[in-house]
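Working notes for the structure below.
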Amino acid sequence: MPTLGRSLSAKDGIYRAGIVGCGRIGCGFDDDPRRGYVSTHAGAYRRTPGVELVALADLDQAGLERYGGKFGVRSLYNDYRQMLTQEQLDVLSICTWNGTHLEIVENALNTGVRAIFCEKPIAESLSSADVMIRRCDEDSVILMVDHQRRFDRFHQHVATYLREGRLGKIQQVTCYYTAGVANTGSHLFDLLRFFFGEVEWVQGIYSKNESNNQNDPNVDAWLQFDNGVLAAVQACDVRYYTIFEVNIVGALGRLRITSHGFDAQFEEIRESTRFAGYRELHVAEAPLDPSGHREFMLQAVAHLLDCLERDQKPLCSGEDGRRALEIICALRESADARGRRIQLPLASSSIIIESR
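Laid out in structure tokens, this is it:
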């Protein structure tokens, strides 16, 4: 990986981390007893050696005190700027709505923060994302975006499996998601880029299946990749159930990634038992095992610390976050124009993305 050009090792071997935003991904998801794994920035910092969660900032005083107690954090702030000036943080997690990300990054860069772990989407606009990336580059600060599946070993193995051509020529890719083209779609588009590379063009229409956020609608889409792969992306209504699925049909079989990435099914080619002279797909033992240690947030924080130690760019950089945002903006532009094909990269975009 490219280096950042300076040593970023922690003083006394322990990095000091703080979080802006104690909502769901910052702290709250770990309240869910059904999850059974670390699902938040706070939980990941608490469980990862070499880093100490020393401060939280949030406007909600009750939530701030609650999660301060839950995660053993004594330094609590309603004003994140005060946290930045007083806590001498090495690592900052930004877990607020995307429209606030640029301001927080700019304030953090003035206080000596050396790595920023930013929630997705990276920003509300491409121009804001560009400023964030440029400012972090100028100050040699690591900017990592939380498209979690990139940090997961199973998804990394799938990417390698596909790049090695072990599924053969990709014939079709079909994906399903819920809860907004920016909120959940950002994860999906980043994962598709991770698997198949850069996108050449997109087309989208607003889905009749509703999102749970009127400012972040569902979009049904086509994504054409530079390597010729064509992906169909279809939105479902989250009021019925949640779904995140990638179905990859290759010349040598089919791989279905289901249950939000926690399960997978592989189908191999066999002679048909029903029709002479035909071959069919049959469920077989998967060449890639989705079981094992699958705690995305723990793996993400461990990777961020490794990037600090090795002076390297992360697997999901600010540039990667911008690419996902660019796809979202292009799809919104296409849907606004009733499905007009939009070529990438975009020279600019006036689209403002609101996600939560």
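Quick note: my numbering has the sequence shown finishing at residue 467, numbered continuously throughout. Using N, Cα and C, we set each Cβ at its ideal position, and we do this for glycine too.
Would you mind sorting residue i into buried or exposed? The rule is 16 or more other CB atoms within 10 Å of its CB.
| i | result |
| --- | --- |
| Q314 | buried |
| P425 | buried |
| G67 | Limits of the chain in this structure are 112 at one end and 467 at the other, which puts residue 67 out of reach. |
| F305 | buried |
| A219 | buried |
| D171 | exposed |
| G180 | exposed |
| Q325 | exposed |
| Y126 | buried |
| F300 | buried |
| D169 | buried |
| A234 | buried |
| S297 | buried |
| R434 | buried |
On the DSSP bridge list, what partners appear for residue i?
| i | result |
| --- | --- |
| I359 | V284, L366 |
| G276 | Partner(s): none; G276 has no beta bridge. |
| G129 | A166, L203 |
| W333 | Q314, A343 |
| R390 | E382 |
| D374 | T369 |
| C229 | I205, V256 |
| M354 | It should be pointed out that residue 354 corresponds to Ile in this sequence rather than to Met. Per DSSP, none; premise fails for I354. |
Between residue i and residue j, is the Cβ-Cβ spacing less than 8 Å?
| i | j | result |
| --- | --- | --- |
| V259 | F407 | For the record, residue 259 in the displayed sequence is Gln; it is not Val. Cβ atoms of Q259 and F407: closer than 8 Å. |
| A344 | C427 | Looking at the sequence itself, residue 344 is Val, so the reference to Ala does not match. The answer is no: Cβ separation not under 8 Å. |
| L200 | V184 | no |
| I380 | P232 | no |
| Y288 | I354 | yes |
| E311 | L442 | no |
| F262 | A411 | yes |
| A240 | G432 | yes |
| T159 | L409 | yes |
| I453 | S236 | no |
| I253 | A226 | yes |
| M194 | L415 | no |
| V340 | I281 | yes |
| C347 | N320 | yes |
| E430 | I244 | yes |
DSSP state of residue i, grouped into three classes?
| i | result |
| --- | --- |
| H258 | coil |
| Y156 | helix |
| Q172 | helix |
| Y188 | strand |
| R117 | Because the pLDDT at R117 is just 43, under 50, the model does not fix this residue reliably, and the point stays unresolved. |
| C427 | coil |
| I464 | coil |
| A395 | strand |
| I453 | strand |
| V242 | helix |
| R405 | coil |
| Q197 | helix |
| V292 | coil |
| V224 | coil |
| I215 | helix |
| G124 | helix |
| E420 | helix |
Would you kindly work out how many angstroms separate the C-alpha atoms of residue i and residue j, rounded to a whole number?
| i | j | result |
| --- | --- | --- |
| N329 | H371 | 17 Å |
| L273 | C418 | 25 Å |
| R246 | Q423 | 17 Å |
| N358 | F373 | 14 Å |
| S251 | N221 | 12 Å |
| G129 | C229 | 12 Å |
| A448 | G161 | 50 Å |
| D337 | F307 | 8 Å |
| A332 | A446 | 9 Å |
| P113 | E198 | Any reading at P113 must be qualified, since the residue scores a pLDDT of 49, below 50, and its modelled position is unreliable; no value is offered. |
| G279 | A342 | 16 Å |
| Y178 | L164 | 12 Å |
| C138 | T211 | 18 Å |
| S318 | E444 | 14 Å |
| L363 | I205 | 42 Å |
| F265 | A395 | 18 Å |
| V216 | R192 | 11 Å |
| A387 | H393 | 16 Å |
| L203 | F140 | 19 Å |
| L302 | L187 | 35 Å |
| L366 | L213 | 38 Å |
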